[in-house]
Structure formats: C-alpha cells, structure tokens
Amino acid sequence: MTPLEFDQKHLWHPYTNVEKPGPTFIAKEAEGVWITLDDGTRLIDAMSSWWCMLHGHRNPTITQAIHDQLDRLPHVMFGGMAHDPAIELGQKLLEITPPSLQRIFYCDSGSVSVEVAMKMAVQYQHAVGHPGRSQFVTTRSGYHGDTWKAMSVCDPVTGMHHLFQGALSIQHFVPQPPIAIDQEWPEDPALNGIAELRAVLEEYHKQIAAFILEPVVQGTGGMYFYHPEYLNQARALCDEFGVLLIFDEIATGFGRTGRLFATDHTDIEPDILCMGKALTGGHISFATTMTNDRVAQGIGNGEPGVFMHGPTFMANPLACVAAKASLDLLDQTDWQANVTRIETALNEQLAAARDLPNVADVRVLGAIGVIEMDHRVSADQAHALAHDMGVFLRPFGHNIYCMPPFITSDDELSAICDGMLRLAREL
Ligand code: PMP
Numbered sequence: 000m001t002p003l004e005f006d007q008k009h010l011w012h013p014y015t016n017v018e019k020p021g022p023t024f025i026a027k028e029a030e031g032v033w034i035t036l037d038d039g040t041r042l043i044d045a046m047s048s049w050w051c052m053l054h055g056h057r058n059p060t061i062t063q064a065i066h067d068q069l070d071r072l073p074h075v076m077f078g079g080m081a082h083d084p085a086i087e088l089g090q091k092l093l094e095i096t097p098p099s100l101q102r103i104f105y106c107d108s109g110s111v112s113v114e115v116a117m118k119m120a121v122q123y124q125h126a127v128g129h130p131g132r133s134q135f136v137t138t139r140s141g142y143h144g145d146t147w148k149a150m151s152v153c154d155p156v157t158g159m160h161h162l163f164q165g166a167l168s169i170q171h172f173v174p175q176p177p178i179a180i181d182q183e184w185p186e187d188p189a190l191n192g193i194a195e196l197r198a199v200l201e202e203y204h205k206q207i208a209a210f211i212l213e214p215v216v217q218g219t220g221g222m223y224f225y226h227p228e229y230l231n232q233a234r235a236l237c238d239e240f241g242v243l244l245i246f247d248e249i250a251t252g253f254g255r256t257g258r259l260f261a262t263d264h265t266d267i268e269p270d271i272l273c274m275g276k277a278l279t280g281g282h283i284s285f286a287t288t289m290t291n292d293r294v295a296q297g298i299g300n301g302e303p304g305v306f307m308h309g310p311t312f313m314a315n316p317l318a319c320v321a322a323k324a325s326l327d328l329l330d331q332t333d334w335q336a337n338v339t340r341i342e343t344a345l346n347e348q349l350a351a352a353r354d355l356p357n358v359a360d361v362r363v364l365g366a367i368g369v370i371e372m373d374h375r376v377s378a379d380q381a382h383a384l385a386h387d388m389g390v391f392l393r394p395f396g397h398n399i400y401c402m403p404p405f406i407t408s409d410d411e412l413s414a415i416c417d418g419m420l421r422l423a424r425e426l
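Numbering (the working numbering), first residue to last: 0 to 426.
This is the structure in structure tokens:
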C-alpha cells in the first residue's frame, strides 16, 4: 500500500466521504507561500492553509520560538501554574485588542473559543439573575465552527441543521446583514436589517444570552462583506435589551480585512471576542476568548463563582510563544502596506472576471479576493487543475476565493489571480 493509498483507506479528511475520498496531494514540506508535494511539484498556498498562515509557512522567527520553548517547557498544566509565554502573550494581546477586553481565556481551537464565549455568556446571565437567558441570536449565513454549540449558530441550511434536528439547541436567526460594505447605509431600519434584529430581541430577549456574529466578513457562510454600521447599531440594541455581544474574529483577526481586527471598522467594542486561526501565524493550533470586566466579574460574583471551563492544553506554552512571535512580526513588518498591496492587485486583476459568463459577483476586502459564480463550484475539479496552475485553491459553494499570506509577492499574486480566473472560466 502506498502512503496515499493508506491515507485514502484510513484517514478521514475535512468534510469528505470516507468511502469515496476526494483527490488528495501529499505535502512534504512548505516554506513561505510554497507547498512542496511528494512528486516535487510546488504550489502556491493561496488559501493560507485555511486562512491562518499569515506570514507564510515555516516562518523562521516563529519556528525558532517554538524550538526554544520546546527545549524549556513544552507543556505544563495551567491549573495552579502560570508561565512567561502565557503572561507575555497576554500583555501583547491587551495592547492590540479593544481596551475594554481585559480578561483572557486561552483555548485550543476556533470552535472551542466559540464554545467558551457562549458558555461565558450563559454563565454571566445566570450569575446576574437571568437563568432563563440561555439561547442566542445570530445572523443567517454565519459560520462559527463544527462543535455542537458553535454549530447551533451556523446557518441552518449550509450548517445542515435538519440533519441534527433534536440534537442542536434552539437559536434565533435574523437575516444576513443586507447592506454590503461598499453600499451607502440607509437610515431606515426596515432596509438596513436592524428592524429584524429589534423584532427578535423585543420578542425573545428574556431567553437570549447574547448576539453572536462574525464582524464585517461572513466567511464560510458566503465570503460576504457587510456594512460595519450594522454592528454599531446592533451594539446599541444589545445594550437596550440586556443581551451580550460576541464577535467571532477567528477568520478576520490579525489584519486580514485591512484593519488589525474587523472590530476596528466599527465604533464599538464587543463584550466577548473570539480569535484563532492566524493567532499563531498558522504554525500551531491555538485560540483565545477575551472578555470585559463586566462579564468576568459577573461570572465571578455569581454562583458557582468560577468559570466552568479548563482544557488540558489551556495556554500551551508552545502555542503561546508562536502567537507572541507572530504578533511581534506583525509589529515589525508593514503588514498594512502589504495588505493594501494585495488588495490593489486583487482588485485590478480579478476585475476581468466580471466579463465572464456565469460570474455573479467579484469582491475584494483587504487580503480576501472572491469570484462568486452563479453555480456551485467543485473543489475536486479545482484540485485537478492545481498542478497545472501551480496554485492551490479550494473553492466552496459558489465561491472561488483566495486569502493569500501577507508575504505573497506581486508575481505570486498574479499567478493566484490567473488561477482564479481560469477556474471561473472552466468550472
Ligand atoms: N469561526 C469562524 C468565523 C471560522 O471561520 C472558523 C473556521 N473556519 C471557526 C469559527 C472554527 O475554527 P476551527 O476550525 O479552528 O475550530
């Protein structure tokens, strides 16, 4: 059995049929934007390996930090112990996140950070005398992860809620924020989506702990960029109805949208903020959930007085040093200039897709480029063309998209755009 045959027979891949696995490459090594396959082929990672590989693969500063930490303290339990990597990362996070978010919970992955956020919200409401507030409101077309509570606030159709009926908690859905980021914001609540949010909060606020959503960019739910004013007004509504506001910045954090956080496109701060993916520059799984004093103290002063969560690998030192190194790199490099350069190239070069048949829309925000087709696009067919294009793209739903590492050169960006245009022509 070849290694690939073993993989196809025994290893489950994301969102695949284990009996009929899709086409798969074997990656041997990676450096910068390039992934090298077992046959020596080199592919540009236009996906930043599912949006996390901010500074490119195998960044020497990040790998060195992990190596050094590996020789000192690869792991220690966080119950009753603290360590410099967790403290130094915490200091750094407080510098760069909204000032009200002073309390940090380290966890393992994006989905877990969403679980933690939702649990914080419910425990807070319980602690401050609202035990009935245990449900959530969210937007249609959202995505927050694949664990149970996170899944309950994913879009009911793309998240296949019908399949898990009875097993998922009941939540409240409002329409996708209707005004796109580049449209003028209409003040009429009936047009800007705020009326629907108000209606749900008015009717159900006594059962709702928090409003959870991805700020500005809906990722997996459709790569859609909406107007930040929606979030400003949602904040006011949440305050009016005693509902917490949770921002899931797992996909948008660390410069991807052109601001350090998507929250920075707004005038407000959430009560709870989730981040993951690019937190470690993509080098090791890690996430955090940050909250404000109000929530932390509310939980602390209520029953049972402790926050009921504590994963084994909480604040793993290897992950903490990787995250600190990645954030220091962001400080030291002109990431904003790089994201603007990428945004300009994507805008210029993807514009040609507008003239192609079957293209529904072309949109760019920061280092995110999307060609939306009027039909579903096959990731397997894109995979088959990757060798030829020298570019690894993995479309989903109707969207052919890229999220390149910030270090992607102009030539590499052109290769990515050519690849996306080819997929738009051929798939
Ligand atoms: N929230 C958002 C917005 C995401 O994009 C993702 C992952 N695509 C998640 C949560 C889940 O993160 P993870 O896959 O690390 O569990």
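All C-beta atoms in this analysis are idealised placements derived from N, C-alpha and C, irrespective of residue type, glycine included.
For residue i, verify whether its CB is less than 6 Å away from any heavy atom of ligand 1.
| i | result |
| --- | --- |
| H143 | yes |
| E213 | yes |
| I43 | no |
| S452 | Residue numbering for the chain in the displayed model covers 0 to 426; residue 452 lies beyond these limits and cannot be assessed. |
| A423 | no |
| I341 | no |
| G218 | yes |
| D247 | yes |
| G275 | yes |
| A126 | no |
| A233 | no |
| A116 | no |
| A120 | no |
| A250 | yes |
Give the DSSP bridge partners of residue i, in chain order.
| i | result |
| --- | --- |
| Q134 | I207 |
| R362 | V369 |
| Q217 | Y223 |
| V390 | I43 |
| I399 | I370 |
When you compare the CB positions of residue i and residue j, do they come within less than 7 Å of one another, or not?
| i | j | result |
| --- | --- | --- |
| R197 | L243 | no |
| L426 | Q380 | yes |
| K91 | L326 | yes |
| K27 | D38 | no |
| G141 | L212 | yes |
| A149 | S110 | yes |
| N231 | T256 | no |
| L88 | A261 | no |
| K205 | G131 | yes |
| H386 | T15 | no |
| V294 | D270 | yes |
| H226 | Y203 | no |
| E248 | M274 | yes |
| V152 | H143 | yes |
| C433 | A29 | Given that the chain is displayed from residue 0 to residue 426, the structure contains no residue 433 and the question cannot be resolved. |
| A423 | L355 | yes |
| I406 | G55 | yes |
| L291 | S99 | Here the sequence assigns Asn to residue 291, which means Leu is not the residue at that position. Yes. |
| C416 | A277 | no |
| L317 | Q68 | yes |
| A120 | A189 | no |
| V115 | T288 | yes |
| Y229 | P176 | yes |
Can you give, in chain order, each stretch of the alpha helix (DSSP H) that sits fully within the region 238-323 and has at least 4 residues? Runs of the alpha helix (DSSP H) lying entirely within the region 238-323, each at least 4 residues long, are 292-300 in chain order.
Runs of beta strand (DSSP E) lying entirely within the region 23-58, each at least 3 residues, in chain order: 26-30, 33-36 and 41-44
Whole beta strand (DSSP E) runs in the region 80-118 with 3 or more residues, listed along the chain? Counting only runs of 3 or more, we get 100-106.
I'd like the ranges of any alpha helix (DSSP H) spanning at least 4 consecutive residues and lying wholly in the region 167-214. 188-191 and 193-203
Can you check the region 399-425 for any alpha helix (DSSP H) of at least 4 residues that lies completely inside it and give the ranges in chain order? 409-425
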